[in-house]
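Quick note, the sequences are listed as chains G and E, same order.
This note's numbering puts the first residue of the first sequence at 1, with every later residue one more than the last.
This note's numbering puts the first residue of the second sequence at 1001, with every later residue one more than the last.
Idealized CB from N, CA, C, for every residue including glycine.
Being a predicted model, the structure only gives us computed values, none of them experimental.
Everything on this sheet refers to the single structure shown next.
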Amino acid sequence: MFKQGKKSKTDLKLDVENDSTTDSTAVSKKTVGGKELSHGSINSSNSEKTTIGENIIIEGIVRGAGNLIIEGVMKGDVKIEKHNFEVGPKGRVEGEIRANDVVISGLLHGKVNAQGMVEITKDADFYGSIKANSISIEDGAFFKGEIELGLQPHKKNDLVDKQINKTGSKGEHVSIIPPVEASKGK
Amino acid sequence: MDTNFDRSSANTYPNSDSIAYTSKTLQLIVDTFGQQRNALVLDVGIVCSENINFFARQVQRLYVCDIFTRLDQDRHKGMETKCVWRHLDYTPNSFDAINLWDLVEHIDDSEAKKLTEICRIMLKRDGLLFITDFEKKTVPHEVSSFVIGNDFRLSLRPQTNLHLPWYYRHNRALISLFTPFSVVKSFRYRNGIREFLFQQE
């Protein structure tokens, strides 16, 4: 699915921002260039972000307590329920994402389960399913998927029946073409 | 049957950015969903945040597959229109409603009939098909998304990145493309927009 080829072992380079002493986001399993690296860790401050750089490929499950940005390639699941997840413009992700807020500017194929909102920018390419509290998609985004949001209580619009049963009674519409007439054309 | 639009005959219609109207068909669809909250709906229209939020909060699950963008992309690659239907690879009898918006006016009769057949297969029994269509346009090749606002108010937002042909059809020609369906309602508005609600028989 990903066009970018696998990188060699020398490609292992974790771009860590704010690698302060507070928390660590555990990477239970990741491989770079086909070699598995177990129990690796990406340091991050609790409220700060961890960025996986363009030259990094991760395969496996990422769990943790910090915000995560993917600028490289990620194949696997991300479980950071109370923190935010972002796919950068050059990022490519395939897997299931569980996070608070999710921003997609690159390619994401998979499932997104967000407790907060999902934002998809115009340069994004999304294929999969989204469950979220709210969603925002910019015009121009490449999107194919299914979306589940919280349902709104349905309010039956009484005007509808009145308007539909009374030709030209409300609004701006000029006429209601009965099916028979419509089928006759102009 | 279909003909390309003659620009000179469109002078009496406003520009797309000034078109806004209250959609009766949209109201009908939402009322139908109100009685059927587990509805599954497919929207093949241009990706539009307002519409996605609107429908996703009305139904159990909203499926979105932007055919307009894919059609434009395929055209740039020199691919035939028929290739775009590969994206509508949903299982039969999946949906309670499909929103085609004005997709049909950007494809010729032959492809429109293929689309109709695909919709027939994807829709459940009694499923609804929602279509909008321009009777006239001031800028024939301008592609716009229909944006749902408050109180079923629809406005147009030009999509300058999309370049698709436009095919004008009279009512009879348009309806004849959807012979597998029955017409539930059709509306004509002063601004030159027509709406059709078809139902799977």
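Worksheet item: From the beta carbon of Gln4/G, is the nearest beta carbon of chain E less than 7 Å away?
Response: In the first sequence, counting from the first residue as 1, residue 4/G sits at position 4. Because Gln4/G carries a pLDDT of 42, less than 50, the predicted location of this residue cannot be relied on, and the following value inherits that uncertainty. By this cut-off, Gln4/G is not an interface position.
Practice prompt. Determine the direct distance from the alpha carbon of Gly1192/E to that of Ser175/G, and round the result to whole angstroms.
Written response: Indexing the first sequence from 1 puts residue 175/G at position 175. Indexing the second sequence from 1 puts residue 1192/E at position 192. Its pLDDT being 36, under 50, Ser175/G is placed unreliably in this model, and the value from its coordinates should be taken loosely. Their Cα atoms are separated by approximately 12 Å.
Worksheet item: What separation, rounded to the nearest whole angstrom, lies between the Cα atoms of Gly53/G and Glu71/G?
Response: Taking the first sequence and counting its residues from 1, the one referred to as residue 53/G is at position 53. Taking the first sequence and counting its residues from 1, the one referred to as residue 71/G is at position 71. Their Cα atoms are separated by approximately 5 Å.
Practice prompt. With a floor of 4 residues, list each alpha helix (DSSP H) that falls wholly inside the region 1140-1179 of chain E, ordered by position along the chain.
Written response: 1171-1176
Worksheet item: Near Phe1024/E, what residues of its chain come up, given a Cβ to Cβ distance below 6 Å and the 5 sequence neighbours on each side ignored?
Response: Along the second sequence, read from residue 1 onward, the residue named residue 1024/E stands at position 24. Residue identity differs from the one stated: residue 1024/E is Lys in this sequence, not Phe. Hits under 6 Å: Phe1187.
Worksheet item: Unbroken beta strand (DSSP E) runs of length 3 or more, entirely within the region 1049-1089 of chain E: which are they?
Response: 1061-1065
Worksheet entry | DSSP three-state assignment for Ala1020/E, whether helix, strand or coil | On the second sequence, residue 1020/E is found 20 positions in, with the first residue counted as 1. DSSP places Ala1020/E in strand when its eight states are reduced to three.
Worksheet entry | Enclosing beta strand (DSSP E) for Arg1190/E [first to last residue] | For the purposes of this step, residue 1190/E is taken as residue 190 along the second sequence, with counting starting at 1. Element bounds for Arg1190/E: n/a, residue is neither H nor E.
Worksheet item: Does any residue of chain G bring its CB to less than 7 Å from the CB of Asn1161/E?
Response: As a working mapping, residue 1161/E is identified with position 161 in the second sequence. Chain G, which has a Cβ nearer than 7 Å to the Cβ of Asn1161/E, makes this yes.
Worksheet entry | Per-residue DSSP class, three states only, for Glu1105/E | Position 105 of the second sequence, counting from 1, holds the residue named residue 1105/E. If DSSP states are grouped into helix, strand and coil, Glu1105/E belongs with the helices.
Discussion item. Any heavy atom of the ligand COA closer than 6 Å to the beta-carbon of Val1059/E?
Written reply: The ligand COA is absent from the structure shown, which contains no ligands of any kind.
Discussion item. Pull the bridge partners of Arg98/G from the DSSP assignment, please.
Written reply: Start at 1 with the first residue of the first sequence, and residue 98/G comes out as number 98. Note: Arg98/G sits in a beta bridge opposite Lys79/G, Asn113/G.
Item to complete: Check the DSSP bridge columns for Gly128/G and list the partner residues they point to.
Response: Here residue 128/G refers to the residue found at position 128 of the first sequence. Partner(s): Gly110/G, Gly145/G.
Worksheet item: Terminal residues of the continuous beta strand (DSSP E) containing Asn67/G?
Response: Translated into positions along the first sequence, residue 67/G becomes position 67. Element bounds for Asn67/G: 67-70.
Worksheet item: Do you know offhand how far Arg1169/E's Cα is from Glu1105/E's?
Response: On the second sequence, position 169 is the one that residue 1169/E refers to. On the second sequence, position 105 is the one that residue 1105/E refers to. Going by the C-alpha atoms only, they are around 8 Å apart.
Item to complete: Quick one: residues in its chain with C-beta nearer than 7 Å to the C-beta of Arg1070/E, no 5 flanking neighbours on either side, listed in chain order?
Response: Counted from its first residue, the second sequence places residue 1070/E at position 70. The residues are Val1084, His1087.
Worksheet item: Which residue or residues does DSSP assign as beta-bridge partners of Ser1182/E?
Response: Numbered from 1 along the second sequence, position 182 holds the residue referred to as residue 1182/E. Note: Ser1182/E sits in a beta bridge opposite Gln1199/E.
Item to complete: Take the Cβ of Asn1171/E as the centre, count every other Cβ of all protein chains shown within 10 Å, and call the residue buried at 16 or more, exposed below.
Response: Here residue 1171/E corresponds to residue number 171 of the second sequence, with the count starting at 1. Asn1171/E is buried by the Cβ-count criterion.
Discussion item. Let me make sure I understand the geometry here. Which of Phe1198/E, Asn1038/E, Ile1052/E has the alpha-carbon closest to that of Cys1119/E?
Written reply: Mapped onto the second sequence, residue 1119/E falls at position 119. Of the listed residues, the one whose Cα sits closest to Cys1119/E is Phe1198/E.
Worksheet item: Rounded to a whole number of angstroms, what is the C-alpha to C-alpha distance between Ser1110/E and Trp1166/E?
Response: Within the second sequence, residue 1110/E is the residue found at index 110, counting from 1. Within the second sequence, residue 1166/E is the residue found at index 166, counting from 1. Near 14 Å, if we compare the C-alpha coordinates of Trp1166/E and Ser1110/E.
Worksheet item: What does a CB cutoff of less than 7 Å around Phe1134/E pick up in its chain, not counting 5 residues either side in sequence?
Response: As a first step, residue 1134/E must be located in the second sequence, where it is residue number 134. For Phe1134/E, where only same-chain residues beyond five positions count, the Cβ hits under 7 Å are Asp1102, Glu1105, Gly1192, Ile1193.
Worksheet item: What is the C-beta distance between Glu86/G and Asn100/G, in whole angstroms, given that I count them as a contact (C-beta under 8 Å)?
Response: On the first sequence, residue 86/G is found 86 positions in, with the first residue counted as 1. On the first sequence, residue 100/G is found 100 positions in, with the first residue counted as 1. 11 Å between Cβ atoms; not a contact.
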